[in-house]
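Student: Each residue of the sequence shown is one higher than the last, beginning at 39 in my numbering. Just so you know, even glycine gets a beta-carbon here, dropped at the ideal spot from N, CA and C. These numbers come from a predicted model, not from an experiment. I have a structure I would like to understand better, so I am pasting it below and will then ask my questions one at a time.
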Amino acid sequence: MAKARGADRASGVGEAIFSQMYSGETLSSWQVAHEMSVRPEDDALVVSDTEKYSWHLLRLHDSAFLFRLIRMKFLLKFCENSTANFYIHHYGNLDVAEISADGNIINGGISKDVSVNRISTDLFDIEVKFLSCHPTLSIG
Numbered sequence: 039m040a041k042a043r044g045a046d047r048a049s050g051v052g053e054a055i056f057s058q059m060y061s062g063e064t065l066s067s068w069q070v071a072h073e074m075s076v077r078p079e080d081d082a083l084v085v086s087d088t089e090k091y092s093w094h095l096l097r098l099h100d101s102a103f104l105f106r107l108i109r110m111k112f113l114l115k116f117c118e119n120s121t122a123n124f125y126i127h128h129y130g131n132l133d134v135a136e137i138s139a140d141g142n143i144i145n146g147g148i149s150k151d152v153s154v155n156r157i158s159t160d161l162f163d164i165e166v167k168f169l170s171c172h173p174t175l176s177i178g
């Protein structure tokens, strides 16, 4: 057992094995999975639903997400006429979390922890932690 503990210390357990910030051009790594339209604007990504009945998601694929504890942070601004909630989706019918345009956590889903901090009237700092059982991250 001493060997295992030594290995844990050496590998920095508790530290991120992968960290990536998406802003500006790197936001294009998130791909439309279903009925949405996206456009870059001022180092942000403006996301709009379509009227079609479907999942409205952006998705990021990476096998490194599978069976990992994921921490995602978002700086989220709802558009003035927004009627949709913000979802962090897992797969199938599992949501990680759902946040309304007024910043309330509507559904904690499968998240281990979710927090929403209002920065201004329409801007929120959101953090969510969850165990990923899928090789994708999905938001919408």
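Identify whether residue 105 lies in helix, strand or coil by the three-state DSSP scheme.
Tutor: Working through the sequence shown from its first residue, we reach residue 105 at position 67. Residue 105: coil per DSSP, three-state reduction.
Student: Let me know the beta strand (DSSP E) ranges lying completely inside the segment 111-137, each 3 residues or longer, listed in chain order.
Tutor: Listed in chain order, they are 124-127, 133-137.
Student: For residue 139, which residues in the same chain have their Cβ closer than 6 Å to its Cβ, ignoring the five residues on either side in sequence?
Tutor: In the sequence shown, the residue the question calls residue 139 occupies position 101. 116, 120, listed in sequence order.
Student: Can you tell me which residues form a DSSP beta bridge with residue 142?
Tutor: The residue given as residue 142 occupies position 104 in the sequence shown. Paired residue(s): none; residue 142 is not in a bridge.
Student: Whose C-beta lies closer than 8 Å to the C-beta of residue 39 among residues of the same chain, with five residues either side of it excluded?
Tutor: Taking the first residue of the sequence shown as position 1, residue 39 is located at position 1. Here the model assigns residue 39 a pLDDT of 33, short of 50, so the residue's position is not dependable, and the following value carries that caveat. None.
Student: Taking the beta carbon of residue 96 as the centre, do at least 16 other beta carbons fall within 10 Å, making it buried, or is it exposed?
Tutor: Position 58 of the sequence shown, counting from 1, holds the residue named residue 96. Flag for residue 96 reads buried.
Student: Report yes if the CB atom of residue 148 is closer than 9 Å to the CB atom of residue 114, and no otherwise.
Tutor: Numbered from its first residue, the sequence shown carries residue 148 at position 110. Numbered from its first residue, the sequence shown carries residue 114 at position 76. No, the Cβ-Cβ distance between residue 148 and residue 114 is not below 9 Å.
Student: Buried or exposed for residue 125, please, with buried defined as at least 16 other CB atoms from any protein chain shown within 10 angstroms of its CB.
Tutor: Taking the first residue of the sequence shown as 1, we reach residue 125 at position 87. With 16 or more other Cβ atoms within 10 Å, it is buried.
Student: Check for me: the beta strand (DSSP E) holding residue 99 runs from which residue to which?
Tutor: As a first step, residue 99 must be located in the sequence shown, where it is residue number 61. Residue 99 -> beta strand (DSSP E) spans 96-99.
Student: Any idea what DSSP makes of residue 57, helix, strand or coil?
Tutor: Within the sequence shown, numbered from 1, the residue matching residue 57 stands at position 19. Residue 57: coil per DSSP, three-state reduction.
Student: Might you give, ordered along the chain, the residues of its own chain that have their beta carbon closer than 6 Å to the beta carbon of residue 129, omitting 5 neighbours on each side?
Tutor: As a working mapping, residue 129 is identified with position 91 in the sequence shown. Excluding sequence neighbours, residue 129 sits near 172.
Student: Which of helix, strand or coil does DSSP assign to residue 49?
Tutor: Here the question's residue 49 lines up with position 11 in the sequence shown. For residue 49, the pLDDT reaches just 41, beneath the cut-off of 50, and the residue's location in the model is therefore unreliable, although a value from the coordinates is still provided. Residue 49: helix per DSSP, three-state reduction.
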